[in-house]
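Have a look at the structure below, then the notes.
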Amino acid sequence: MPSNAKKILILGDSTIDNRVWLGKEKYHLFANSMLSSFAPIVSGVINFIDFFNPFKSKSVVENLSAQLPDIDIVDRTNDGFTTQSILNGDYKDKVFGRGIHRFFPHEMFKPMETPELENADHIILSIGGNNLREFMLNALNSGNKEQRKEYIKNEYPKVFNKMQLDYQNILKEITRRNPQAKIILMTQYYPAINQKMLINRNIYDFMSEMGEALGKGRAQDTIVEVMKDAYNGILKFISTDESMRKRNICVVDVTSSLNPHFSENYEGQIEPSNMGGRQIAKMLAHVVKDEKAKGKRIYRFLPDYFSSSGANTDDVTTCDITSKTTFTPVHPDAMSKNQEYSWERHGVILAGITLFALTAHFFGAGFLLAAGAGMLGGMAGNNLADRYGIGYQVKSSQQANAAYRFEALACDKAKAPVEEVNTIQSARGWLPYLKSNLSLSDACRYEDFNHDVTNAMQSRRKKML
Numbered sequence: 001m002p003s004n005a006k007k008i009l010i011l012g013d014s015t016i017d018n019r020v021w022l023g024k025e026k027y028h029l030f031a032n033s034m035l036s037s038f039a040p041i042v043s044g045v046i047n048f049i050d051f052f053n054p055f056k057s058k059s060v061v062e063n064l065s066a067q068l069p070d071i072d073i074v075d076r077t078n079d080g081f082t083t084q085s086i087l088n089g090d091y092k093d094k095v096f097g098r099g100i101h102r103f104f105p106h107e108m109f110k111p112m113e114t115p116e117l118e119n120a121d122h123i124i125l126s127i128g129g130n131n132l133r134e135f136m137l138n139a140l141n142s143g144n145k146e147q148r149k150e151y152i153k154n155e156y157p158k159v160f161n162k163m164q165l166d167y168q169n170i171l172k173e174i175t176r177r178n179p180q181a182k183i184i185l186m187t188q189y190y191p192a193i194n195q196k197m198l199i200n201r202n203i204y205d206f207m208s209e210m211g212e213a214l215g216k217g218r219a220q221d222t223i224v225e226v227m228k229d230a231y232n233g234i235l236k237f238i239s240t241d242e243s244m245r246k247r248n249i250c251v252v253d254v255t256s257s258l259n260p261h262f263s264e265n266y267e268g269q270i271e272p273s274n275m276g277g278r279q280i281a282k283m284l285a286h287v288v289k290d291e292k293a294k295g296k297r298i299y300r301f302l303p304d305y306f307s308s309s310g311a312n313t314d315d316v317t318t319c320d321i322t323s324k325t326t327f328t329p330v331h332p333d334a335m336s337k338n339q340e341y342s343w344e345r346h347g348v349i350l351a352g353i354t355l356f357a358l359t360a361h362f363f364g365a366g367f368l369l370a371a372g373a374g375m376l377g378g379m380a381g382n383n384l385a386d387r388y389g390i391g392y393q394v395k396s397s398q399q400a401n402a403a404y405r406f407e408a409l410a411c412d413k414a415k416a417p418v419e420e421v422n423t424i425q426s427a428r429g430w431l432p433y434l435k436s437n438l439s440l441s442d443a444c445r446y447e448d449f450n451h452d453v454t455n456a457m458q459s460r461r462k463k464m465l
């Protein structure tokens with residue numbers, strides 16, 4: 001890496017630092033925690049098998065490095081860290097316990113004291129999910145259902161108010177240490193709908209209880225409201241606080257962009273898988289490379305962005321963040337389901353098994369060798385499907401994409417154009433006015449949609465004058 005290469009500093013939790021949940025590392029974790037007496041032997045077997053595995057999983061950071069090869073990426077994330085951990089430091093092994101995993105020694109780590117903070121060109125911040133996780137675990141340990149309900153009512157506002165205050169202090173400290181860096185904030189993704197956590201708990205079961213306690217509705221409605229509660233105050237802060245006035249801040253709406261119906265995106269319901277990590281890395285790489293990412297903007301990525309022909313800027317919606325912008329993520333019910341397309345993935349895997357097994361048989365291999373070759377073929381087919389998104393994503397219709405694009409309209413409407421244009425808007429109505437100047441179905445597809453709207457309004461105003 002050349003000495004003048006741009007530098008990205010990443011601060012946060014296992015949304016980025018997901019390496020321990022992938023590939024051989026998750027098996028090492030199991031061996032050290034559940035089979036401690038045989039851990040050296042089991043670990044040796046795991047390393048031997050992994051050595052011959054051509055399809056190794058990559059963490060979010062590794063995927064991001066692959067997509068940004070000319071940028072120096074400094075990873076200062078840590079599994080289990082909360083907003084308080086980022087602000088004041090915490091022990092690296094806070095989740096796993098002392099000595100359980102080699103990545104997390106019993107050492108105090110203070111991310112805000114890292115020297116790279118002062119010379120990074122981009123600072124990526126992904127934090128907050130563990131605040132909710134710890135709140136959930138505390139609630140589940142607080143007694144019976146009625147006691148949990150009372151705990152939720154009392155503690156929920158405290159937890160989220162504290163998280164937002166911490167978040168604001170983190171941003172202020174970053175600004176104090178490095179006022180020039182471009183800050184990229186990641187929102188928390190929805191947990192996988194069809195998985196459970198590794199502790200055999202389902203977050204959506206807890207969301208049902210929380211929805212009942214707080215009057216927020218069913219589980220999936222509740223988690224949408226939780227995301228709003230988590231990020232609306234943060235958006236308000238970065239758009240109105242004087243300390244943020246000159247900051248270049250982008251928000252990546254991972255909540256709306258990572259599909260919780262696709263279990264292949266997740267490990268243990270709340271960790272990004274190899275595929276999920278690659279999708280998160282694609283989002284981050286896009287924002288890092290976007291030369292138009294000036295000021296304060298929020299990005300949302302449509303399903304087709306992650307398809308085999310993805311990375312098309314037509315599949316990205318974005319708008320300016322103003323004091324009137326609200327965080328309204330796409331509801332899980334509005335996201336595409338992929339069950340009816342899974343046959344494509346299974347077909348590729350079956351083709352790999354058949355091809356490898358028949359090839360081995362053709363060269364005179366016995367049954368066991370042919371079976372082994374078939375297993376390798378299945379792994380190759382699965383990797384091929386993984387790499388090219390076969391059977392995981394759907395070709396979304398304009399109707400399916402509407403849920404992703406309408407938020408861009410809301411953001412632009414909140415931009416509150418000049419008074420003269422407001423008069424036009426009131427007289428003609430917002431949507432008719434847009435339709436008279438732009439192809440609305442196309443307008444939402446462009447990254448600089450809000451700029452197109454502004455230009456159209458100015459053109460319309462000149463005609464009326």
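In terms of the numbering used here, the sequence shown opens at residue 1 and continues consecutively. We treat Cβ as the ideally placed atom computed from N, Cα and C, and that holds for glycine. Here the structure is a predicted model, which means the values were calculated and not measured.
Residue pairing of residue 91 in beta bridges, as defined by DSSP: 108.
A residue is called buried when at least 16 other Cβ atoms come within 10 angstroms of its Cβ; residue 57 meets this threshold and is buried. Distances from the alpha-carbon of residue 251 to those of 271, 208, 295 and 215 put 295 closest. Listed in chain order, the non-local C-beta contacts of residue 130 below 7 Å within the same chain comprise 13, 80, 81 and 82, local neighbours out to five positions each way being set aside. Rounded to whole angstroms, residue 362 and residue 344 show a C-alpha spacing of 27 Å. By the neighbour-count definition (other C-beta atoms within 10 Å, threshold 16), residue 260 is a buried residue. Here DSSP, grouped into helix, strand and coil, assigns residue 291 to coil. The alpha-carbon separation between residue 284 and residue 64 amounts to approximately 8 Å. Comparing alpha-carbon positions, the option among 234, 153 and 162 lying closest to residue 210 turns out to be 153.
Within the same chain, 239 and 240 come within 6 Å of residue 323 by CB-CB distance, once the 5 residues on both sides are set aside. Under the 10 Å beta carbon count, residue 366 is surrounded by fewer than 16 other beta carbons and is classified as exposed. By the Cβ neighbour-count rule, residue 370 is buried, with 16 or more other Cβ atoms within 10 Å of its own. For residue 169 against residue 68, the beta-carbon gap comes to about 29 Å, at or over 8 Å, which does not count as contact. If you draw a straight line from the Cα of residue 107 to the Cα of residue 85, it is about 13 Å long. Residue 258 and residue 235 have their C-alpha atoms some 20 Å from each other. Non-local C-beta neighbours of residue 140 in its own chain, meaning closer than 8 Å and more than five positions away in sequence, comprise 148, 201 and 206, ordered along the chain. Only buried fits residue 192, as 16 or more other CB atoms lie within 10 angstroms of its CB.
With fewer than 16 neighbouring CB atoms inside 10 Å of its own CB, residue 157 falls in the exposed class.
By the beta-carbon neighbour count (other beta carbons within 10 angstroms, threshold 16), residue 262 is buried. In the three-state reduction of the DSSP assignment, residue 330 falls in the coil class. Between residue 306 and residue 282, the C-beta gap is smaller than 9 Å, which places the two residues in contact. In this structure, DSSP gives residue 272 an extended state, which the three-state scheme calls strand. Looking from the CA of residue 194, the closest CA among 268, 224 and 181 belongs to 268.
Exclusion of the five residues before and after residue 276 leaves 258, 265 and 266 as the residues of its chain whose Cβ lies within less than 7 Å of its Cβ. Pairing residue 354 with residue 273, the inter-Cα distance amounts to about 27 Å. Excluding sequence positions up to five before and after residue 160, its CB lies within less than 6 Å of the CB of 229, all in the same chain and listed in chain order. Annotation for residue 17: no alpha helix (DSSP H) segment contains it, and DSSP assigns it neither H nor E.
Beta-bridge annotation (DSSP): residue 266 is paired with 272.
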